[in-house]
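Peer 1:
Protein chains in written order, with this note's numbering: chain A, 1 to 597; chain B, 1001 to 1597.
#1: Could I get the ranges of all uninterrupted beta strand (DSSP E) runs contained in the segment 1455-1520 of chain B, with 3 residues as the minimum, in chain order?
#2: Contact between the segment 348-355 of chain A and the segment 1197-1211 of chain B: three or more CB pairs below 8 angstroms?
#3: In terms of residues, what are the limits of the alpha helix (DSSP H) holding residue 1387 (chain B)?
#4: Where does residue 1511 (chain B) land, buried or exposed, given buried means 16+ other C-beta within 10 angstroms?
#5: Return the chain-ordered list of same chain residues with a C-beta closer than 7 angstroms to the C-beta of residue 554 (chain A), the five sequence neighbours on each side being excluded.
#6: Can you pull the chain B residues whose beta carbon is under 7 angstroms from the beta carbon of residue 517 (chain A), in chain order?
#7: State the Cα-Cα distance for the pair residue 1190 (chain B) and residue 312 (chain A), rounded to the nearest angstrom.
#8: Does any residue of chain B bring its CB to less than 8 angstroms from the CB of residue 315 (chain A)?
#9: List the residues of chain A whose Cβ lies closer than 8 angstroms to the Cβ of residue 1596 (chain B), in chain order.
#10: So, is residue 34 (chain A) buried or exposed, given that buried needs 16 or more other C-beta atoms within 10 angstroms?
#11: Within 8 angstroms of any Cβ in chain B, is that where the Cβ of residue 319 (chain A) sits?
#12: So what's residue 1570 (chain B) in DSSP terms, helix, strand or just coil?
#13: How big is the Cα-Cα spacing for residue 1373 (chain B) and residue 1362 (chain B)?
#14: Whose C-beta lies closer than 6 angstroms to the C-beta of residue 1273 (chain B) among residues of the same chain, with five residues either side of it excluded?
#15: Which class does residue 416 (chain A) belong to by DSSP, given the choice of helix, strand or coil?
#16: From residue 1579 (chain B) to residue 1526 (chain B), what distance separates their C-alpha atoms?
#17: Counting pairs of Cβ atoms below 8 angstroms between the segment 1130-1138 of chain B and the segment 1058-1074 of chain B, do you hit three or more?
#18: Using the rule of at least 16 other Cβ atoms within 10 Å of the residue's Cβ for burial, across every protein chain shown, is residue 52 (chain A) buried or exposed?
#19: Report yes if the CB atom of residue 1284 (chain B) is closer than 8 angstroms to the CB atom of residue 1370 (chain B), and no otherwise.
#20: Would residue 1542 (chain B) pass as a contact of residue 588 (chain A) if the rule is Cβ separation under 8 angstroms?
#21: Please report the distance separating the alpha-carbon of residue 10 (chain A) from that of residue 365 (chain A).
#22: Can you tell me where the beta strand (DSSP E) with residue 439 (chain A) in it begins and where it stops?
#23: Please identify, using Cβ separations under 8 angstroms, the residues of the segment 434-451 of chain A that lie next to chain B, in order along the chain.
#24: Can you tell me whether DSSP reads residue 1112 (chain B) as helix, strand or coil?
#25: Identify which residue in B:1402, B:1387 and B:1490 has its Cα closest to the Cα of residue 1459 (chain B).
#26: Whose C-beta lies closer than 8 angstroms to the C-beta of residue 1146 (chain B) among residues of the same chain, with five residues either side of it excluded?
#27: Looking at the structure shown, is residue 332 (chain A) part of a helix, part of a strand, or coil, going by DSSP?
#28: Would residue 55 (chain A) count as contacting chain B if we go by Cβ distances under 8 angstroms?
#29: Based on the DSSP output, what are the partners of residue 42 (chain A) in its beta bridges?
#30: For residue 1054 (chain B), count the other beta carbons within 10 Å of its own beta carbon; 16 or more makes it buried, fewer makes it exposed. Which is it?
#31: Please decide whether residue 170 (chain A) counts as near chain B, where near means a Cβ-Cβ distance under 8 angstroms.
#32: Quick check: is the beta carbon of residue 59 (chain A) nearer than 8 angstroms to any beta carbon in chain B?
#33: I need the DSSP call for residue 138 (chain A), collapsed to helix, strand or coil.
#34: Whole angstroms are fine: how far does the CA of residue 69 (chain A) sit from the CA of residue 302 (chain A)?
#35: Please classify residue 1028 (chain B): is it buried, with 16 or more other beta-carbons within 10 angstroms of its beta-carbon, or exposed?
#36: For residue 243 (chain A), which residues from the same chain have a beta carbon less than 8 angstroms from its beta carbon, with the 5 sequence-adjacent residues on both sides left out?
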């Protein structure tokens, strides 16, 4: 069975040494997040992930969810018990509003927990994960009455939530949506329509399921400007908070799919179900998108979480399996063969994953801090800066981290040779589970379009200029530090490539918008490289300082420098190819007639 | 259900216009392969692939193989009937020795059929595929008596064959092998041991299964120099050719695995089973490796076959699904949305696959011709040249084409968005099936090591020098042709990168063999790019000539030029990054202690 060891030490390094969380104790929620408290929370979270969730990952994949004739769904063996422990531990309200019973802890803590849970059991994690998204939407836009009615139970984990967007004929293009909402006399609406791909849409973990549903009120404008958001609970809720009758909705089927078998992916049929408008009529997409932007950072975490757990298993296998001899002479002369770890190509695969995992975690936790700063920082200037950066980087993290998560789950599986293809080792599951993260919450091509079409030009390019300045300042601050040259040199070259790509887009995308579309994915990956290289440069700086100061843990910091150097020399040269690819533009891909593909 | 249309026109373009098969009518077997005959064979082959094999692909994946308590295995519904049609059509003996009933047709025809079959149903194709490998081994090294006893039935498809190499503790490192062979009084041997991952090891398609088993004769030298090859039939064969008693072997279990569910992957237990020595004692690896080299080209074909079939489905979906609007204004103003095909990023994914598929097919068929030339060409010089090139390119094709096959099966799945993740569309199956090709017949890291450690330095680098000269001549022959500049320019730059990488290896790998290991995979991919770009340059040249000559099918040739230009501008710049990566060497990946990963 696969192993999992929560990388708490790595997380604390980012939180304490890179982000200096203690600097932010003036922010709401951060005062409680002292280093000791954070460590205690993460250690406690690690336990539930390692001991309760990880052991159910493989069995959950094999067993899957079962839908019964009455529309009810049973989750795999052990899921309900694990969910109860998770709920009783208070984890469902970790980062949520204290007003409704949440602990209001910083997003950075929530992101760490999200990573550990996703590594341990991605399919399980989606049940509370979807619920968190639904809570955020309700908290953002619903009336106080609705909040009071639904949020306390959701924060407590007694009820879970979902997001209902996709319909059979419309996914990305929500303007095509057909689900309709007819006003009832009591102010509620009757919701009718079919939604597909509803993760956690029906299950046996919670007493009630609060569906957030996008629908079109009778007479609403066409397209995306006529879509409203509704709360549609599985069971209606009485005045006293007790559960009333079953709402007019049912899970019509669950999908057979490539992975995340233990999460029920439902077709939801609404047949005049009672729904409550959230926010303003026809403005449903706004709330949904705000929430989705944050959900996308959560999916980014899933990317490196799958790379991390599959990496840990590949390392264990490479240190255990003996096969062949080192190219430089036997390293285990008393055994019949050396371990896989002596082979440079095996190490190449492992270093690829390791150098990604650690930098992606650092980038992601930085953005988690920025999410809090964007609403909680003291000055408007700070809030805007944080919001700009996190808005710009959200599609990059979602797209790049999930593409890389799948790539490295695959190469980690490759370390196992033929054994990696056999189900019982669980390496194929990591690949299959990682695959969905490239697709849902906006397929990665949509992330790339969001980046070049929306985030880049917004406010006259303010966000990208801020990012250039931020990274540029780091480079120039360290330009006289010779030991940093192996990091600032390549980072500077990659930043120049990114600036070149940005310039090319500015000069060409207006004249022919197809150039923006054609360049979007390589541009996104180019920015991803710069983001990760920037993390490595910062980690190297801290590590060099620690070593100079005579740290008691030199190995930890030396390994950071080695891993960072690997990234700079082995991975970062890709920026040159990406720049050339994006500058090749749209002509070659638009030239073929559709019929000639 | 997924579609499949055999690309016979594309194959004929390569055979007739690129390889000029008619030039080789002096070679044994080629005289029969007139253009008309080849077209007729491929059209007939296409029918069985499209009509019999493809419709069983998805159902075979869902149903899988079933092992019964007596060790017998049932293949999915329809497989036996399809196999009988395949056998009755004479396809099992297509490229095999006429002496034993084969048709002795050129390898190029066999490769085309292999592609069509792998696209249509990869799991099915492995049953006759393994059989072909076993026949080649027997034909190469067994005594006439053994050949007469086994080959006619195998060529006819009445019996199938397998290869038994791997044991639980040894895959790549065959020196660790433990299966033993004890001499019997009658000259046969008693084989005892356990083999794992035996594809097609047990099934219900044929009357007998002829296992080729590697084992160690009592008292044999240690390591790879003490391994012999044996024929171990499932049923012993009487003097008159009728089947005798069941040999002392059984399928102990079949594996649950990530894909190719319809092929039985068996653990085979041999308990004093009767085996017949093939070739010389202790020289079993030689025959197995000769055969495996050819088998590796077959796996390379599986790589682009999965990319091709998933591409065809992605194109159909992109032309059918309407979602969103073109960035340059509505293209379907009378419909609610445009097709996916208007989006540059969707086309980017499709062009990536298309520009790979067509060039990989061309490269692969070129090598198929070289395989025949290596044994059938008139002069020793020609035979050696062909053998050098095909030996050099075999690991490149196996490693690169299967890595890309998996990559593009994945991006073709991505075109479907969420629907790609749902089993019923079959896109996930293409990905899961493609995945094994990166692993079996020598994991791709082993291919890369074979390339840099064996094929590159062999005979003082004769093969790589021959390749450089061959491509270099093409470039200089066309240097005055301005219309060819968009092709010869990038090809020349990529060739320079490959020469730079080769030089770096020569200068560094001797001094530290770990540099060879560290550089092997990027070097292999760098050579893969040059190989594919060379195919595009040749296809462009033919297409330009056809257009100049006023061809009646200008669209076909114009599309070739567009697709080739896409490859040159969008894919080929990767050589720069690969060169930088390989020149970074081994230091960064060998620096970490094994315990610190």
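Don't be surprised by glycine CBs; every beta carbon is placed ideally from N, CA and C.
Peer 2: Inspection of the coordinates gives the following:
#1: Listed in chain order, there is nothing to give.
#2: Contact between the segment 348-355 of chain A and the segment 1197-1211 of chain B is absent, with fewer than three C-beta pairs closer than 8 angstroms.
#3: Start at 1 with the first residue of the second chain, and residue 1387 (chain B) comes out as number 387. Segment 1380-1396, the alpha helix (DSSP H) holding residue 1387 (chain B).
#4: Stepping through the second chain from its first residue, residue 1511 (chain B) is reached at position 511. Exposed is the call here.
#5: As a position in the first chain, residue 554 (chain A) is number 554, starting the count at 1. Answer for residue 554 (chain A): 547, listed in chain order.
#6: Translated into positions along the first chain, residue 517 (chain A) becomes position 517. Residues of chain B with a Cβ closer than 7 angstroms to the Cβ of residue 517 (chain A) are, in chain order, 1327, 1343, 1344 and 1345.
#7: For the purposes of this step, residue 1190 (chain B) is taken as residue 190 along the second chain, with counting starting at 1. For the purposes of this step, residue 312 (chain A) is taken as residue 312 along the first chain, with counting starting at 1. Rounded to the nearest whole angstrom, the CA to CA distance from residue 1190 (chain B) to residue 312 (chain A) is 42 angstroms.
#8: The residue labelled residue 315 (chain A) in the question sits at position 315 within the first chain. For residue 315 (chain A), the nearest CB of chain B lies under 8 angstroms from its own CB, placing it at the interface with that chain.
#9: For the purposes of this step, residue 1596 (chain B) is taken as the residue at position 596 of the second chain. For a Cβ distance threshold of 8 angstroms, residue set 555 and 559 of chain A lies close to residue 1596 (chain B), ordered along the chain.
#10: Residue 34 (chain A) sits at position 34 when you count from the first residue of the first chain. Its Cβ having fewer than 16 others within 10 Å, residue 34 (chain A) is exposed.
#11: The sequence position of residue 319 (chain A) within the first chain is 319, counting from 1. Nearest CB-CB separation between residue 319 (chain A) and chain B: below the 8 angstroms threshold.
#12: Taking the first residue of the second chain as 1, we reach residue 1570 (chain B) at position 570. If DSSP states are grouped into helix, strand and coil, residue 1570 (chain B) belongs with the helices.
#13: The residue you call residue 1373 (chain B) lines up with position 373 of the second chain. The residue you call residue 1362 (chain B) lines up with position 362 of the second chain. Roughly 16 angstroms separates the two Cα atoms.
#14: In the second chain, residue 1273 (chain B) corresponds to position 273, counting from 1. 1191, 1232, 1247, 1248 and 1249.
#15: Start at 1 with the first residue of the first chain, and residue 416 (chain A) comes out as number 416. Here residue 416 (chain A) sits in coil by DSSP.
#16: Taking the first residue of the second chain as 1, we reach residue 1579 (chain B) at position 579. Taking the first residue of the second chain as 1, we reach residue 1526 (chain B) at position 526. Rounded to whole angstroms, residue 1579 (chain B) to residue 1526 (chain B) spans 7 angstroms at the Cα level.
#17: No: fewer than three Cβ pairs fall under 8 angstroms.
#18: Position 52 of the first chain, counted from the first residue, corresponds to residue 52 (chain A). In summary, residue 52 (chain A) is buried, with 16 or more beta-carbon neighbours lying within 10 Å of its beta-carbon over all protein chains present.
#19: What you label residue 1284 (chain B) is simply residue 284 of the second chain in a count that begins at 1. What you label residue 1370 (chain B) is simply residue 370 of the second chain in a count that begins at 1. Judged by beta-carbon spacing, residue 1370 (chain B) lies beyond the 8 angstroms limit of residue 1284 (chain B), meaning their Cβ atoms are not closer than that value.
#20: As a first step, residue 1542 (chain B) is located in the second chain; it is residue number 542 there, counting from the start. As a first step, residue 588 (chain A) is located in the first chain; it is residue number 588 there, counting from the start. Contact flag unset, no.
#21: Here residue 10 (chain A) is taken as the residue at index 10 of the first chain, counted from 1. Here residue 365 (chain A) is taken as the residue at index 365 of the first chain, counted from 1. For residue 10 (chain A) and residue 365 (chain A), the distance between alpha carbons rounds to 11 angstroms.
#22: Position 439 of the first chain, counted from the start, is the residue given in the question as residue 439 (chain A). Neither: residue 439 (chain A) is in no beta strand (DSSP E) and is coded neither H nor E.
#23: The residues in question are 435, 436, 438, 439, 440, 443, 444, 445, 448 and 449.
#24: For the purposes of this step, residue 1112 (chain B) is taken as residue 112 along the second chain, with counting starting at 1. Helix, per DSSP.
#25: As a working note, residue 1459 (chain B) is residue 459 in the second chain. Checked all of B:1402, B:1387 and B:1490; the closest Cα to residue 1459 (chain B) is B:1387.
#26: Numbered from 1 along the second chain, position 146 holds the residue referred to as residue 1146 (chain B). These residues qualify, in order along the chain: 1138, 1231, 1276 and 1278.
#27: Locating residue 332 (chain A) in the first chain gives position 332, counting from the first residue. In the structure shown, residue 332 (chain A) falls within a coil segment according to DSSP collapsed to helix, strand and coil.
#28: Within the first chain, numbered from 1, the residue matching residue 55 (chain A) stands at position 55. Not an interface residue.
#29: For this step, residue 42 (chain A) is matched to residue 42 along the first chain. The partner list for residue 42 (chain A) (beta bridge, DSSP) is empty, contrary to what the question assumes.
#30: The sequence position of residue 1054 (chain B) within the second chain is 54, counting from 1. With 16 or more other Cβ atoms within 10 Å, it is buried.
#31: Position 170 of the first chain holds residue 170 (chain A). Chain B, which has a Cβ nearer than 8 angstroms to the Cβ of residue 170 (chain A), makes this yes.
#32: Along the first chain, one-based indexing puts residue 59 (chain A) at 59. False, the Cβ-Cβ gap to chain B never drops below 8 angstroms.
#33: Here residue 138 (chain A) refers to the residue found at position 138 when the first chain is read from its first residue. In this structure, residue 138 (chain A) counts as helix in the three-state DSSP scheme.
#34: By 1-based counting over the first chain, the position of residue 302 (chain A) is 302. By 1-based counting over the first chain, the position of residue 69 (chain A) is 69. Whole-angstrom Cα-Cα distance: 33 angstroms.
#35: Counting from 1 along the second chain, the entry for residue 1028 (chain B) is found at position 28. So residue 1028 (chain B) ends up on the exposed side.
#36: For the purposes of this step, residue 243 (chain A) is taken as the residue at position 243 of the first chain. Excluding sequence neighbours, residue 243 (chain A) sits near 207, 208, 235, 236 and 237.
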